[in-house]
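The number in our numbering is simply the position in the sequence shown, starting from 1, with 137 added. Backbone N, C-alpha and C fix where the C-beta goes; we use that ideal spot for every residue, glycine too.
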Amino acid sequence: MASDERRTDADERRTDSGIPVAPVYRPEDVDLDYERDLGDPGAPPYTRGIHASMYRGRLWTMRQYAGFASAEESNRRYRYLLEQGQTGLSVAFDLPTQMGYDSDHDLAEGEVGKVGVAIDSLADMRALFEGIPLDQVSTSMTINAPAALLLLLYELVGEEQGVDPGHLRGTIQNDVLKEYIARGTYIFPPAPSLRLITDTFAYCAQRLPRFNTISVSGYHMAEAGATAVQEVAFTLANALAYLEAARDRGLSVDRIAPRLSFFFVARATLLEEVAKFRAARRLWARLTRERLGVTDPKGQMLRFHAQTAGVELTAQQAEVNLSRVTVQALAATLGGAQSLHANAYDEALALPSEKAARLALRTQQVLAHETDVPDAADPLGGSWLIESLTDEIEQAVRAELDRLDERGGAVAAVEDGHQKREIERTAYDVARAIDRGERVVVGVNRYRLDEDVQPQLHRVDPEAVAAQRERLARVRAERDDDAVARTLAVVDAAARGDANLLPPMREALRAHATIGEVCDVLRGVFGHHQPADAL
138 MASDERRTDA
148 DERRTDSGIP
158 VAPVYRPEDV
168 DLDYERDLGD
178 PGAPPYTRGI
188 HASMYRGRLW
198 TMRQYAGFAS
208 AEESNRRYRY
218 LLEQGQTGLS
228 VAFDLPTQMG
238 YDSDHDLAEG
248 EVGKVGVAID
258 SLADMRALFE
268 GIPLDQVSTS
278 MTINAPAALL
288 LLLYELVGEE
298 QGVDPGHLRG
308 TIQNDVLKEY
318 IARGTYIFPP
328 APSLRLITDT
338 FAYCAQRLPR
348 FNTISVSGYH
358 MAEAGATAVQ
368 EVAFTLANAL
378 AYLEAARDRG
388 LSVDRIAPRL
398 SFFFVARATL
408 LEEVAKFRAA
418 RRLWARLTRE
428 RLGVTDPKGQ
438 MLRFHAQTAG
448 VELTAQQAEV
458 NLSRVTVQAL
468 AATLGGAQSL
478 HANAYDEALA
488 LPSEKAARLA
498 LRTQQVLAHE
508 TDVPDAADPL
518 GGSWLIESLT
528 DEIEQAVRAE
538 LDRLDERGGA
548 VAAVEDGHQK
558 REIERTAYDV
568 ARAIDRGERV
578 VVGVNRYRLD
588 EDVQPQLHRV
598 DPEAVAAQRE
608 RLARVRAERD
618 DDAVARTLAV
628 VDAAARGDAN
638 LLPPMREALR
648 AHATIGEVCD
658 VLRGVFGHHQ
668 PADAL
């Protein structure tokens, strides 16, 4: 830790989390026991990385996030990105899908296919992955409240392709607690939502053992305004809550913990971000052992996907976002991410154009093949500044976790709106600093242009919405309505009891019940969540 004398310098600097930064760091500023606090890459406490060779052995997965309009149009983008060298798929769903409404629902009006692909039924999922062998790709799906349903559709498409469920690889986000905190695409109250999540844990342990059953996300909290410390603290608290729920359900945490992964933001504050990733790894290894008694080393490893910070992109002088994204991607790779999505430079204005998506992928490829970042594990390890920041972030996160414990844990704090209020407070402080010019945003409050030429933007085909609703109408016209009614009745009975919900939901989806219809059954049993601050 830097001395108090240097920290009271007239030109005091602090990280975005409020941690003072000294003008220079010396060996005495770092008080670490190597074996206890650092160790080697691939060994506890994993501060230096979860694999011994890191990127020398295998590069991070380049997983560009995409999905818009129709399943067919998204399928074309996936094929294009795979041809350009992308090594994993990442699916974005539109808001009606995320909220469990079909495309022809009144509440879906104006949102179908806008921020992701519309998926109503098995027919859509089949079209989304047409010609893409699911046993040869790893697929991440950013879906939360209805995550189990999208996973089951993916399994059914794999079944149609002749793929054994045990060979399917990927991740569902499935992290509903952060929806209550920061993002808002929740459906059910916390208790039944946790039941769905633990049902998914149990189901995948039996049928999809290679699928990551949850990606606990700090990204969306960071995008809402959380500092690096808040992002890590609230994310790890949520992850602990999920494992505790699994344990209370009678599941083995040693079996479930290795299937957890994490999702963090990568900001342009490169040094704090690298320290954040290192501190998160070290603290997770300690928390899983101390609080849950996890003994499997794989269950103590924090594996994470990173995405560059969308909230830092600007509509003004959009090409400058290429520079921002490069620095952010560098932070993720220096910090040891297992997979990475680099945002396109035009995303503050519209869904990414094909050119912008290609440039974002090329940014990752330059880092992988034209720099020396992959040559050594934990390249910044041993930097007195990085080690000091890592230690201070870990201490600050522990203090946040203690405050959550005083409130009864992550779920109780979510229910009274604590995390949401804390994030809103920090977001307000940042907005005021930008407005006052104390925080510089290039092209926005400094170095502006009188006339800003915008790039050519991608536009969603307005006919896509009509086509989506026509396909949904065909599905309903051609299916066996009696079979749908019977399978939905089984779902209703399971929801009212304590049976695992995924097998009956799978059979309802196989019969071409829609996502909205299944969610309506569950809404009828579980109700709809009302936030603590709702009027």
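- In this structure, DSSP gives Gln444 an extended state, which the three-state scheme calls strand.
- Going by beta carbons, Thr184 and Leu226 fall outside the 8 Å limit.
- The distance from the Cβ of Ala206 to that of Val252 is about 10 Å, inconsistent with a contact at the 8 Å cut-off.
- For Thr350 and Met642, the gap between their C-alpha atoms comes out near 17 Å.
- Residue ranges of uninterrupted beta strand (DSSP E) with 3 or more members, entirely inside the stretch 235–306 and ordered along the chain, are 275–279.
- Residue burial annotation: Thr445 is buried, with at least 16 other C-beta atoms found within 10 angstroms of its C-beta.
- Annotation for Phe401: the continuous beta strand (DSSP E) segment containing it runs 397–403.
- When DSSP states are grouped into helix, strand and coil, Leu471 belongs to the helix group.
- When the alpha-carbon of Ala497 is set against those of Ala443, Ala479, Ala487, the nearest one is in Ala479.
- Of the residues assessed, Ser240 falls on the buried side of the cut-off, its CB having 16 or more other CB atoms within 10 angstroms.
- For His478, the enclosing beta strand (DSSP E) begins and ends at 476–478.
- The alpha-carbon separation between Asn582 and Gln465 amounts to approximately 21 Å.
- Around the beta-carbon of Gly519, fewer than 16 other beta-carbon atoms lie within 10 Å, marking it exposed.
- For Leu226, the enclosing beta strand (DSSP E) starts and ends at 226–229.
- Beta-bridge partners assigned by DSSP to Ser354: Phe400.
- In chain order, Thr335, Phe338, Val390, Ile393 place their CB closer than 7 Å to the CB of Ala383, counting only its own chain and leaving out the 5 sequence neighbours on each side.
- Going by DSSP, Asp391 is part of the alpha helix (DSSP H) stretching over 390–393.
- Counting C-beta atoms within 10 angstroms of its own C-beta, Tyr202 has 16 or more neighbours from the protein chains shown and is therefore classed as buried.
- Put simply, of Leu218, Phe266, Ala361 the residue whose alpha carbon is nearest the alpha carbon of Asp566 is Ala361.
- Here Thr198 is bridged, per DSSP, to Ser476.
- Taking the CA atoms as reference points, Arg163 sits about 24 Å from Pro182.
- In chain order, Asn281, Ile351, Ser352, Val353, Ser354, Asn375 place their CB closer than 7 Å to the CB of Asp312, counting only its own chain and leaving out the 5 sequence neighbours on each side.
- Annotation: the continuous alpha helix (DSSP H) that includes Thr563 extends over 555–572.
- In the displayed model, Pro164 falls within a helix according to three-state DSSP.
- Residue pairing from DSSP leaves Thr463 without any beta-bridge partner.
- It is roughly 40 Å from the alpha-carbon of Arg214 to the alpha-carbon of Ala550.
- Ala636 and Arg647 have their C-alpha atoms roughly 19 Å apart.
- In this structure, the CA atom of Leu196 is about 8 Å from the CA atom of Gln475.
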